[in-house]
Amino acid sequence: MPDAFVIAFREAAQCSALLGLLLMFPPVRENRFYFRTLLLGVFFAAVAGFALGYTTHITKDLVALETWTFWRYVAEATIFYAGMVIFIAKPEPISPPPAAAGLFLLGLTIFFFEARAVGFLIQDMGAMKEQSARALVYGVAGLIAGFSPLALLGRYLRNIPFDKTFTLASLLTTIGALQFGMGGVGELEKENILAPLQRNLIDLVSSGIASFQSLLLISDHSFIGVPLADLARYIASDRTALALTLAFIMIPPLIMLAGIFSRPDPAVHTLPAGAQKRSTVAFFRKEIISQTAPVMTTFVVLVVLLHAVNISLNPLYEPPPLPVRETENTDSLRIPLSDKAGSFEDRKIRKFVYYYGTKQIIFIAMLKPDGSVGVALDECEICRPADWNTDAKGYAQKGEHLICKYCMTPIAAATLNSPGGCNPVPVPFKMEDSTITIKSEDLIGTFKKLQELEKKGTHL
Amino acid sequence: MRSVTVKYLSSWWTTAGLVLACAAAYIVCLFGASPYADWTGFLFHRPAGLFLYCALILNLLLASLRIASAKLSRPAITLAVIQAMDVHTTLPVNPDVMNTLTASLTQKGFIVAQKGLSVRATMNHYSFLPGTVLRLGIVVLLAAVLLSVHTRKSAETILHEGDAIGPPGKELTLKSITADLPTKFLQVGEESTFRLNSVQAVLQSADSTETVTAGFPVRISRTYYRVTHFGFTLPVLLTNRSGVLQKNLDLDILPPGTTDSVDLQSQDLIMTISLQPERTVTKGLIKGREYDLKNPSFHIVVQKRAAKEKIGELNISGAAPASTSDLPLSFGRHAFYAKIQSTSDPALPFMYAGAFVSLFGMLLMCSRFFWYGKELLAVRENDTLHVGYREEFFKKWGIQKFYDWTTALSEARGSDDTADHPSNSSL
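Residue numbers (this note's numbering), protein chains in the order written: chain A, 1 to 460; chain B, 1001 to 1427.
What follows is the structure, encoded as structure tokens:
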């Protein structure tokens, strides 16, 4: 049950860090009305979000987890880009009521989705262990404990020169970037916005380029040379999607940095004394450096984030496994080659997870280069990484090869379904009406046999 | 009222809003099974999508006109105009100040126009052109795509030598199909890539002969033709109760190694056909198969359709017809087929033009790093010369240059006539 406390504490502490930045921003700090409105927004987010998550039996049919995640991404991106819009537009100061409404919404946005996820998890933990009341108490205590540092450290935060470092624009962009990194509750939503953004951009760019080629009547062909096809393939590759993702996250801080550094130096030609000139210039430069600090912090956060999602370093493609179970009144798992989750025609591996008691059987399926389907367990006959290294278990994809994540051996995708060597362990299946059909007993049997094997690989 | 409407319609904020709305529409489509198809369907066929799309075209067009007219217009030089520039200052007037200023600016490369008591000096006056060319290309492209989506008529037809295509009276006959098929194609593992660089179909009409390829489409009588697929055709003679029937099997067996299946319902047979390698080379663990694609051999497996039971297997060489007594089939010499796409699309030339102009505009945009507008305005009021300066980009450096110029001008006239403190509008 302490898990409930830890999760609630962690999310509340993350929110209080963001809230701390906002509350110490001079226009908010010096105006009690704004100050209270912002706190009210966060309080409302905590209560409403927690209640929505906790009463999951009411809301689960209305809004799926993916939908909540999607709106969280939208909220984070809106805050992140609002900073850039304000920086460019330089709007006139607005009157207190709309400003207060904006602060209320901001307070609501920075904690609502986390509060909902915490509520959901605490309800789930309580239901699993049949100790709902206890889980609720731990959760609420965690939330209170998570926000308490803000109250205790408030007076120290006042000493930080927020008025010199932050503008409203840089504050919003920094909060947006921090939310990209901290947003979402790890137990429910492992991905931050960058991974799904890049995945969808790959689809958009490749479909867009193919469509444009078709409009120009120069559609690509699998073996006949077509003009500009290499250029189109290059543009439609993962690189463009990565470049666009980079642009998405780097444009706001870059524009701000350019804006800050392109401010003209103060006119000192007519100042009488050299010391006065130097002092004016020094003050100006100090101000620029102070204002750069939050933007540079945003840069650092975003670069760390990029590394965390392995976009720039890891060229391996590894989708998260999708849960599957037997279709109603049958003993078979049925996976259509094309459905809402995408089409196998993209020749990318798909991972699926089947829950067998307390065990997870992860298996892979893909359309091989020859057009046939391959299905295999996401486990090697030889390599078995140590328990602490479970991330190295299974396979990922690089081009037309599968890669064993443990020993990094490339395996031709065409040999999927062939047993032996470094190949993934094949799973018997049938194709019926463009649907992969796997008998659950075959899957479980293959999995059990594999578990009984004494693996020969190094067990690091 | 009209000018306000035009101002908002041509604003970059409107562009950003419209692009954002298109992006939002795509995000909504992500909840469906085929996001891109749903999105283009929305943009080109739904009233709201068409409104967005047309508004974007109009916005880009108006933005270009707004920018061009602003750059080309010569508003009267007043004190208010000067004070609205990036930086401005005042200089005490002496008899020579106008001439000195004019000479100095001319020396710096400005085009100077002196009119009465005012001076206008400009440099890189037409620097708006790269952006205008880029936007023009995008506008033409967007409009052509919209037109194409609504007017294009396209069809694909499989043709063999001697077949005809086209409307009655303007028929085109396929005279020949040629391809650069290799005599020795060695397929080693996955590394060898099979690629045909040239597939040509010669189409003959009553008055002309045109060669259609898989490259850019060829226009014949307002219709565009292009080869979209190519393969082997194998004639087969089927013997059944009603006699002998000849059929051309258009096979999809390229690249070598691919298998095609042919369903002969009337014979209750299924055939799987692939190319047969001339020889197999093994070197260590690597195995390669060599194919002679100019004179290919075919490997054919025949199965009973219902029972799925193999009843025969044969290899036939391209050199001669083949038959087998076990099967009610015999095969002729292979030929080629080409899938020809015929498209009628009035917007296609505009699409190419738009794409080309956009690309050219993008290249031109590189020049904007050093080709940007600079303008200096001066007006004499009573005993004071008001001078203002603006640079399109890199304003920080422009303001610094202005400080240097005005200081130099002041020093040239002597220490008593120093310029006032320049006011920087950005500060």
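Note that CB positions come from ideal geometry on N, CA and C, so glycine has one too. These numbers come from a predicted model, not from an experiment.
Mind checking who residue i pairs with in its DSSP beta bridge?
i: Val1097 of chain B; result: In DSSP, Val1097 of chain B forms no bridge with anything.
i: Ile1220 of chain B; result: B:Thr1223
i: Arg1380 of chain B; result: B:Leu1385
i: Phe1298 of chain B; result: B:Leu1275, B:Ile1316
i: Asn1248 of chain B; result: B:Pro1235
i: Cys380 of chain A; result: A:Pro424
i: Phe352 of chain A; result: A:Leu322, A:Phe363
i: Tyr1291 of chain B; result: B:Phe1185
i: Asp1263 of chain B; result: B:Ile1270
i: Pro1092 of chain B; result: B:Thr1384
If residue i sits next to residue j, beta carbons under 8 angstroms apart, how far is it from one beta carbon to the other, in whole angstroms?
i: Ile361 of chain A; j: Val373 of chain A; result: So it is not a contact: roughly 18 angstroms between Cβ atoms.
i: Tyr1224 of chain B; j: Leu1348 of chain B; result: 6 angstroms
i: Ser1127 of chain B; j: Arg1368 of chain B; result: 7 angstroms
i: Ile444 of chain A; j: Tyr355 of chain A; result: Actually they do not touch by this definition, with Cβ atoms about 11 angstroms apart.
i: Thr1272 of chain B; j: Thr1259 of chain B; result: 5 angstroms
i: Asn200 of chain A; j: Leu1030 of chain B; result: 6 angstroms
i: Glu1391 of chain B; j: Tyr1372 of chain B; result: 7 angstroms
i: Ser182 of chain A; j: Gln451 of chain A; result: Reading off the sequence, residue 182 of chain A comes out as Met, not Ser. With a Cβ gap of about 38 angstroms, Met182 of chain A and Gln451 of chain A do not count as contacting.
i: Ala119 of chain A; j: Tyr54 of chain A; result: Correcting the residue identity first, residue 119 of chain A is Gly in this sequence and not Ala. That pair is a contact at about 4 angstroms.
i: Val1097 of chain B; j: Leu1091 of chain B; result: 6 angstroms
i: Gly107 of chain A; j: Leu52 of chain A; result: Not really, about 17 angstroms apart at Cβ, beyond 8 angstroms.
i: Ala1068 of chain B; j: Thr1015 of chain B; result: Not confirmed; about 16 angstroms, so no contact.
Rounded to whole angstroms, what's the CA-CA distance from residue i to residue j? Just pull it up for me.
i: Ser279 of chain A; j: Leu150 of chain A; result: 37 angstroms
i: Leu1251 of chain B; j: Asp433 of chain A; result: 23 angstroms
i: Pro1331 of chain B; j: Leu1234 of chain B; result: The displayed chain sequence assigns Phe, not Pro, to residue 1331 of chain B. Distance between the alpha carbons of Phe1331 of chain B and Leu1234 of chain B is about 7 angstroms.
i: His1299 of chain B; j: Phe1336 of chain B; result: 17 angstroms
i: Ser1410 of chain B; j: Thr1102 of chain B; result: 15 angstroms
i: Ala1055 of chain B; j: Ala1338 of chain B; result: 42 angstroms
i: Lys461 of chain A; j: Thr292 of chain A; result: Only positions 1 to 460 of chain A appear in this structure, which leaves residue 461 of chain A out of reach.
i: Arg263 of chain A; j: Lys1396 of chain B; result: 6 angstroms
i: Pro2 of chain A; j: Asp391 of chain A; result: 26 angstroms
i: Ser312 of chain A; j: Thr69 of chain A; result: Because Ser312 of chain A carries a pLDDT of 47, less than 50, the predicted location of this residue cannot be relied on, and no value is offered for it.
i: His459 of chain A; j: Tyr406 of chain A; result: Because the pLDDT of His459 of chain A is 41, which lies under 50, any placement of that residue in the model is unreliable, and the number read from its coordinates should be weighed accordingly. About 10 angstroms.
i: Ala1155 of chain B; j: Ser207 of chain A; result: 21 angstroms
i: Leu1269 of chain B; j: Gly184 of chain A; result: 58 angstroms
i: Ala1143 of chain B; j: Leu1050 of chain B; result: 11 angstroms
i: Ala133 of chain A; j: Gly126 of chain A; result: 7 angstroms
i: Val140 of chain A; j: Arg29 of chain A; result: 27 angstroms
i: Thr1078 of chain B; j: Glu1381 of chain B; result: 10 angstroms
i: Val1087 of chain B; j: Tyr1008 of chain B; result: 27 angstroms
i: Leu333 of chain A; j: Ile364 of chain A; result: 13 angstroms
i: Pro424 of chain A; j: Leu306 of chain A; result: 30 angstroms
i: Met461 of chain A; j: Phe1360 of chain B; result: Absent from the structure is residue 461 of chain A, since the part of chain A shown begins at 1 and ends at 460.
i: Lys1247 of chain B; j: His1160 of chain B; result: 12 angstroms
i: Leu143 of chain A; j: Gln1083 of chain B; result: 56 angstroms
i: Ala282 of chain A; j: Lys164 of chain A; result: 15 angstroms
Under 9 angstroms, CB to CB, which of the residues in the region 1333-1345 of chain B have a partner in chain A?
Gln1341, Thr1343, Asp1345
Completely contained beta strand (DSSP E) runs for the region 404-456 of chain A, where each covers 3 or more residues
410-412, 424-426, 430-432, 435-439
Whole runs of the beta strand (DSSP E) within the region 1302-1358 of chain B, excluding any shorter than 3 residues:
1310-1317, 1329-1331, 1335-1344
Ranges of the beta strand (DSSP E) found wholly within the region 1121-1167 of chain B, counting only runs of at least 3:
If we require 3 residues or more, the beta strand (DSSP E) runs fully inside the region 1121-1167 of chain B come out as 1153-1160.
Between the region 1208-1232 of chain B and chain A, which residues of the former have CB atoms less than 8 angstroms from a CB of the latter, in chain order?
Ala1214, Gly1215, Phe1216, Pro1217, Tyr1224, Arg1226, Val1227, Thr1228, His1229, Phe1230
For the region 295-310 of chain A, which residues have a beta carbon sitting closer than 9 angstroms to at least one beta carbon of chain B?
For the region 295-310 of chain A, which is checked against every Cβ of chain B, not one residue is closer than 9 angstroms.
Using a Cβ-Cβ cut-off of less than 9 angstroms, give me the residues of the region 1350-1364 of chain B that come near chain A, in sequence order.
Met1351, Tyr1352, Ala1355
To be precise: take each residue of the region 225-239 of chain A, compare its Cβ to all Cβ atoms of chain B, and keep it if any distance is under 7 angstroms. Which residues remain?
Gly225, Val226, Pro227
Looking at chain B, which residues of the region 249-265 of chain A have a Cβ within less than 9 angstroms of any of its Cβ atoms?
Phe261, Ser262, Arg263, Pro264, Asp265
If we require 4 or more residues per run, which alpha helix (DSSP H) segments fall completely within the region 80-131 of chain A?
Qualifying alpha helix (DSSP H) stretches, in chain order: 96-129.
My parser needs the alpha helix (DSSP H) runs of 4 or more residues fully inside the region 194-241 of chain A; what are they?
194-215, 229-235
Residues within the region 171-203 of chain A neighbouring chain B, beta-carbon criterion of under 8 angstroms
Asn200, Asp203
To be precise: take each residue of the region 202-216 of chain A, compare its Cβ to all Cβ atoms of chain B, and keep it if any distance is under 8 angstroms. Which residues remain?
Asp203, Leu204, Ser207, Gly208, Ser211, Leu215, Leu216
Contacting positions in the region 1385-1404 of chain B - beta carbon closer than 8 angstroms to chain A:
Phe1394, Lys1395, Lys1396, Ile1399, Gln1400, Tyr1403
Would you list, in chain order, the members of the region 1146-1175 of chain B that have their beta-carbon closer than 7 angstroms to a beta-carbon of chain A?
Ser1148
To be precise: take each residue of the region 103-136 of chain A, compare its Cβ to all Cβ atoms of chain B, and keep it if any distance is under 8 angstroms. Which residues remain?
Considering only beta carbons, no part of the region 103-136 of chain A lies closer than 8 angstroms to chain B.
Inside the region 124-181 of chain A only - alpha helix (DSSP H) runs reaching at least 4 residues:
132-157, 162-165
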